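J.: Residue numbering for the sequence shown follows our numbering, beginning at 34 and increasing consecutively.
All C-beta atoms, glycine included, are put in the ideal place defined by N, C-alpha and C.
Nothing here was measured: the structure is a model prediction, and the numbers come from that model.
Quick one: the structure is below, questions incoming.
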Amino acid sequence: MSGPIFIGAECMNQEIFDVAIIGGGPAGLSAAIYAGRAHLRACLFEGMSAGGQMFNTSTIENFPGFSIVDGPELSQKMEAQVRQWGTEIIYSHIAKLKREADLFELTNYNEETVLARTVIVAAGSIPRKLQVPGELELAGQGVSYCATCDGAFFRDKDVAIIGGGDSAIEESLYLARLVRQVTVVHRRDALRATKDLQERAFANPRIEFLWDTTVEAIEGHARVEALRVRNVKTQAVTALPVAGVFIYIGMLPNTAFLEGLVELDEYGYVVADESTLTSVPGLFAAGDIRTKDLRQIVTALADGAMAATAAERYLGKRGF
Ligand code: NAP
34 MSGPIFIGAE
44 CMNQEIFDVA
54 IIGGGPAGLS
64 AAIYAGRAHL
74 RACLFEGMSA
84 GGQMFNTSTI
94 ENFPGFSIVD
104 GPELSQKMEA
114 QVRQWGTEII
124 YSHIAKLKRE
134 ADLFELTNYN
144 EETVLARTVI
154 VAAGSIPRKL
164 QVPGELELAG
174 QGVSYCATCD
184 GAFFRDKDVA
194 IIGGGDSAIE
204 ESLYLARLVR
214 QVTVVHRRDA
224 LRATKDLQER
234 AFANPRIEFL
244 WDTTVEAIEG
254 HARVEALRVR
264 NVKTQAVTAL
274 PVAGVFIYIG
284 MLPNTAFLEG
294 LVELDEYGYV
304 VADESTLTSV
314 PGLFAAGDIR
324 TKDLRQIVTA
334 LADGAMAATA
344 AERYLGKRGF
């Protein structure tokens, strides 16, 4: 294997890393803390900002020890803790991962490469798209996947949220503090979100619900002006005037760079249990990217700790 080493990062001067962590959400950050504490030569690759989905979550109410904490703040604290333990964070997207002769080769979009003995994939997932006309065209012009990032642009305006899960309802409650009216557009007549979130949303006068309704198109000239919605029971198509639409219909795992290397399930998640071991020796999967029942910050943190420990054991058995 050959190729240039990423420039500008101290840890890139290392010839071969003990562990390369791909993804800087809670799973990756936790792995980086544990790897640092185990004195492994570790590097963490993150394409955007540390924290992942956690960074885009306005308020978190189920992180033990904090009755309420905001996502960006928790992300920054974890990031600082990673640096404290000596694992460097490199802001670069890994586009390809290969394994050859017991070593992993990580390549970014500039075709720069690094080598590592073990890899922890913690690349998480990205928001699922609605795939309706207007969604791509008006992205950033009223179409958003992050209420924390964009909510303030809609102060005193009407917005819609699409979805009925925890994310949709949690972010509706957040937006209701900023905007005039939030309309939750949901394709069924019952929410998937936890009961506590449901009760608070139902009690909030600024949140209303459009049940049994799908979005046919997002409409507007230059900016979002309305949604064209269909009632799936009556088939009636109407316009819902809104200045913004926040799409929270679930997530898709970021596994494109792993295809052909490791076993994925039918939905694209890396097949691994709590041990975080994958079908490839030396490759560990942590957080939302792996097959699991409960995708939460606390479960991602546990995965990260487990993956770093598993990597340490793997290296120990091979005399590193
Ligand atoms: P989710 O639980 O998968 O919910 C997705 C929602 O979007 C569902 O209501 C689904 O409808 C709807 N949906 C899916 N595809 C759709 C489409 N094409 N058109 C219209 N609607 C569509 O996703 P999530 O809310 O992002 O949550 C993901 C995971 O993170 C969950 O395990 C959740 O519990 C967790 N989470 C936890 C917290 C928390 O505890 N504080 C916060 C956020 C997320 P149906 O209900 O009809 O399927």
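Considering only the alpha carbon of each residue, which of Y67, A149, G56, F187 lies closest to A335?
T.: A335 has its Cα closest to that of Y67, out of Y67, A149, G56, F187.
J.: From this set, T151, A318, D298, which residue's C-alpha is nearest E307's C-alpha?
T.: Ranking the options by Cα distance to E307, first place goes to A318.
J.: Taking all protein chains shown into account, do 16 or more other C-beta atoms lie within 10 angstroms of the C-beta of C76, making it buried, or fewer, making it exposed?
T.: Label assigned to C76: buried.
J.: For the region 305-340, which segments carrying the beta strand (DSSP E) assignment without a break, of at least 3 residues, lie completely within its bounds, in sequence order?
T.: Counting whole runs of 3 or more residues, the region 305-340 contains the beta strand (DSSP E) stretches 316-318.
J.: Kindly examine the ligand NAP and report whether one of its heavy atoms sits closer than 7 Å to the Cβ of S200.
T.: Because some heavy atom of the ligand NAP lies under 7 Å away, the Cβ of S200 counts as near it: yes.
J.: State buried or exposed for V270, treating a residue as buried only when at least 16 other CB atoms are found within 10 Å of its CB.
T.: With fewer than 16 Cβ atoms within 10 Å of its Cβ, V270 is classed as exposed.
J.: From the DSSP output, which residues share a beta bridge with R213?
T.: Paired residues: none, contrary to the question.
J.: Taking 7 Å as the cut-off, is the beta-carbon of M5 closer than that to any non-hydrogen atom of the ligand NAP?
T.: Outside the displayed span of the chain (34 to 353) sits residue 5, for which this structure offers no information.
J.: I want to check one thing, is the minimum distance from the CB of L206 to the heavy atoms of the ligand NAP below 7 Å?
T.: Outside the cutoff, so no.
J.: Spatial neighbours of S205 within its chain, please: C-beta separation below 6 Å, excluding the five flanking residues on both sides.
T.: So the qualifying residues of the chain are I194, V215, V217, A234, I240.
J.: According to the Cβ coordinates, are F137 and A53 closer than 8 Å?
T.: Cβ distance < 8 Å, so F137 and A53 count as in contact.
J.: Classify A193 as helix, strand or coil using the three-state DSSP reduction.
T.: It is a strand residue.
J.: Going residue by residue through the region 89-124, where are the continuous alpha helix (DSSP H) segments of at least 4 residues, counting only ones entirely within it?
T.: Complete alpha helix (DSSP H) runs here, min 4: 104-117.
J.: Would you tell me roughly how many angstroms separate the C-alpha atoms of G41 and I122, rounded to the nearest one?
T.: Note that G41 scores a pLDDT of 43, beneath 50, so its modelled location is shaky and nothing firm can be said.
J.: Taking the alpha-carbon positions, what's the R210 to K162 distance?
T.: C-alpha separation (whole angstroms): 25 Å.
J.: Pick out whichever of L208, I127, G69 has its Cα sitting closest to the Cα of W118.
T.: The option with the nearest alpha carbon to W118 is G69.
J.: With burial defined as no fewer than 16 other Cβ atoms inside 10 Å of the residue's Cβ, what is the status of E345: buried or exposed?
T.: Classification of E345: buried, given that the 10 Å Cβ count is 16 or more.
J.: Could you pull the DSSP bridge partners for P286 from this structure?
T.: DSSP output for P286 lists S158 as bridge partner(s).
J.: Decide yes or no for the touch test of the region 242-262 against the region 145-159: beta carbon pairs closer than 8 Å, at least 3 of them.
T.: Segments in contact, no.
J.: How many Å lie between E252 and V176 at the Cα?
T.: Taking the straight line joining both Cα atoms gives about 10 Å.
J.: Can we count T216 as close to the ligand NAP, meaning its CB is less than 7 Å from some heavy atom?
T.: Answer for T216: no, Cβ out of range of the ligand NAP.
J.: Relative to the C-alpha of C179, which candidate in V154, I93, V278 has its C-alpha closest?
T.: Of the candidates V154, I93, V278, the one whose C-alpha sits nearest the C-alpha of C179 is V278.
J.: Closest by CA to V192, which one among N287, K110, F78, R213?
T.: Of N287, K110, F78, R213, the residue nearest in Cα terms is R213.
J.: Using a threshold of 7 Å, is the CB atom of E168 nearer than that to any non-hydrogen atom of the ligand NAP?
T.: Flag unset: Cβ of E168 not near the ligand NAP.
J.: If you measure from the CB of F263, is any heavy atom of the ligand NAP nearer than 7 Å?
T.: Contrary to the premise, residue 263 reads as Arg rather than Phe in this sequence. For the ligand NAP, not one heavy atom lies less than 7 Å from the Cβ of R263.
J.: Can you pull the DSSP bridge partners for K373?
T.: With the chain covering only 34 through 353, there is no way to say anything about residue 373.
J.: Helix, strand or coil: which one does DSSP assign to P274?
T.: Here P274 sits in strand by DSSP.
J.: What distance in whole Å lies between the Cβ atoms of V115 and L62, which are believed to be in contact at a cut-off of 8 Å?
T.: Their Cβ separation, rounded to whole angstroms, is 6 Å, which keeps L62 and V115 in contact under 8 Å.
J.: Mind checking which residues open and close the beta strand (DSSP E) that includes F78?
T.: Run containing F78: 75-79, per the beta strand (DSSP E) assignment.
J.: Quick one: using the 10 Å Cβ neighbour count with 16 as the cut-off for buried, is N127 buried or exposed?
T.: Before going further, note that residue 127 is Ile rather than Asn in the sequence given. I127 comes out buried.
J.: Ends of the beta strand (DSSP E) at A60?
T.: Counting along the chain, A60 falls outside any beta strand (DSSP E), though it belongs to the alpha helix (DSSP H) covering 59-70.
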